[in-house]
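If you count by the numbering used here, then the sequence shown holds residues 26 to 208, one letter each, in order.
The beta-carbon is built from N, C-alpha and C at its ideal position, and this holds for glycine as well.
The block underneath contains the structure these notes are about, expressed in structure tokens.
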Amino acid sequence: MKKNILIIGGSLRAKSFNKYLASNLIEIRKEKFNFEIFSDFNLLPHYNTDDHNQDNWPKTLLELEEKIKKADGVIFVTPEYNFSVPGYLKNCIDWISRLPNQPLDRKPVCIQSASLGPLGGARVQYHLRQILVFLNAKVMNKNEIFVTFAKQKFDENSGKLTDAITIDFIRKQLDAFYIFIDE
Ligand SMILES: Cc1cc2nc3c(=O)[nH]c(=O)nc-3n(C[C@H](O)[C@H](O)[C@H](O)COP(=O)(O)O)c2cc1C
Numbered sequence: 026m027k028k029n030i031l032i033i034g035g036s037l038r039a040k041s042f043n044k045y046l047a048s049n050l051i052e053i054r055k056e057k058f059n060f061e062i063f064s065d066f067n068l069l070p071h072y073n074t075d076d077h078n079q080d081n082w083p084k085t086l087l088e089l090e091e092k093i094k095k096a097d098g099v100i101f102v103t104p105e106y107n108f109s110v111p112g113y114l115k116n117c118i119d120w121i122s123r124l125p126n127q128p129l130d131r132k133p134v135c136i137q138s139a140s141l142g143p144l145g146g147a148r149v150q151y152h153l154r155q156i157l158v159f160l161n162a163k164v165m166n167k168n169e170i171f172v173t174f175a176k177q178k179f180d181e182n183s184g185k186l187t188d189a190i191t192i193d194f195i196r197k198q199l200d201a202f203y204i205f206i207d208e
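Following this line, the structure appears as structure tokens:
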């Protein structure tokens, strides 16, 4: 049976390699998963406790909450900024963390990252894992996907992932995640 996956990913910029990566997932294992992508980080204001009460949640957050609840699993696909989690993604997670019955609690999660550099976002993944400990998400340890030297791995115009080895790694991670969701 197909599983429903919410991808929380990409970056704010239009030609984001992480957005490209997220879109490519849809093709790579479409026989096993239905994918939906959330990347509207810019529709969430900066979290400020002063401005916020329980009757005043941003519409985008409530929509995201529903998407997470409905999904069998969540895949984060993120760039690394200054060795860590980009501000807009951290802000998004901060909002999620304030929800009553916050929806990432025990939710199966896996992580991917793409960067221009030789580590492919290794450091952001471990910071993100640390944050997800607090949210009590069920994060898969292996397989890991670090898309290094992203400029060389995507067709710049179409955004298509062209690197066969990377595609094979992703296929293996998605297969592992399919099983992990039910464990
Ligand atoms: C503010 C900022 C910080 C960055 N820090 C890192 C970093 O720590 N490690 C890294 O590999 N790349 C870093 N980069 C380069 C990103 O890998 C590159 O911009 C990448 O294209 C971002 O992902 P995107 O294409 O999905 O937007 C940084 C870029 C920006 C804008």
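Integer-rounded CB distance, given that residue j should sit under 8 Å from residue i
i, j, result
"glutamine 137", "isoleucine 100", "7 Å"
"leucine 157", "valine 172", "Not confirmed; about 20 Å, so no contact."
"valine 110", "valine 149", "6 Å"
"lysine 132", "asparagine 168", "Their Cβ separation, rounded to whole angstroms, is 19 Å, which puts lysine 132 and asparagine 168 out of contact at 8 Å."
"methionine 165", "phenylalanine 202", "6 Å"
"lysine 28", "lysine 57", "7 Å"
"leucine 288", "alanine 162", "Past the boundaries of the shown model lies residue 288; the chain is included only from 26 to 208, so the question cannot be answered."
"isoleucine 33", "leucine 199", "So it is not a contact: roughly 16 Å between Cβ atoms."
Cross-strand partners of residue i (DSSP beta bridge)
i, result
"glutamine 137", "Val102, Ile170"
"lysine 163", "Pro133"
"glycine 34", "Val102"
"glutamate 61", "Leu31"
"leucine 186", "Phe179"
"serine 109", "Tyr106"
Identity of the residue in the options nearest residue i by Cα
i, options, result
"lysine 92", "Asn43, Phe63, Pro111", "Phe63"
"phenylalanine 60", "Val110, Leu50, Leu68, Asp119", "Leu50"
"phenylalanine 179", "Phe42, Ile32, Pro70", "Phe42"
"glycine 184", "Asp119, Ala39, His71", "Ala39"
"leucine 141", "Ser48, Lys84, Asn107", "Asn107"
"tyrosine 151", "Lys95, Glu105, Asp119", "Glu105"
"lysine 84", "Lys94, Pro70, Lys95", "Pro70"
"isoleucine 118", "Leu186, Pro143, Leu89", "Leu89"
"aspartate 188", "Asp200, Met26, Phe174, Leu199", "Phe174"
"phenylalanine 66", "Leu153, Gly146, Lys115", "Lys115"
"leucine 160", "Leu144, Gly145, Asp207, Gln127", "Gln127"
"proline 143", "Ile170, Pro125, Leu124, Leu153", "Ile170"
"leucine 87", "Asn73, Pro125, Gly145", "Pro125"
"serine 48", "Gly145, Asn81, Glu208, Ala139", "Ala139"
"histidine 77", "Ile190, Arg154, Arg123", "Arg123"
Proximity test, Cβ basis, 8 Å: residue i and chain D
i, result
"methionine 165", "Of the chains in the structure shown, none is chain D; there is only one protein chain."
Where residue i falls, given that 16 or more other Cβ within 10 Å makes a residue buried
i, result
"leucine 46", "buried"
"glycine 98", "buried"
"glycine 112", "exposed"
"lysine 176", "exposed"
"leucine 31", "buried"
"isoleucine 121", "buried"
"leucine 153", "buried"
"lysine 44", "buried"
"isoleucine 11", "Any property of residue 11 remains undetermined from this structure, which presents the chain solely from 26 to 208."
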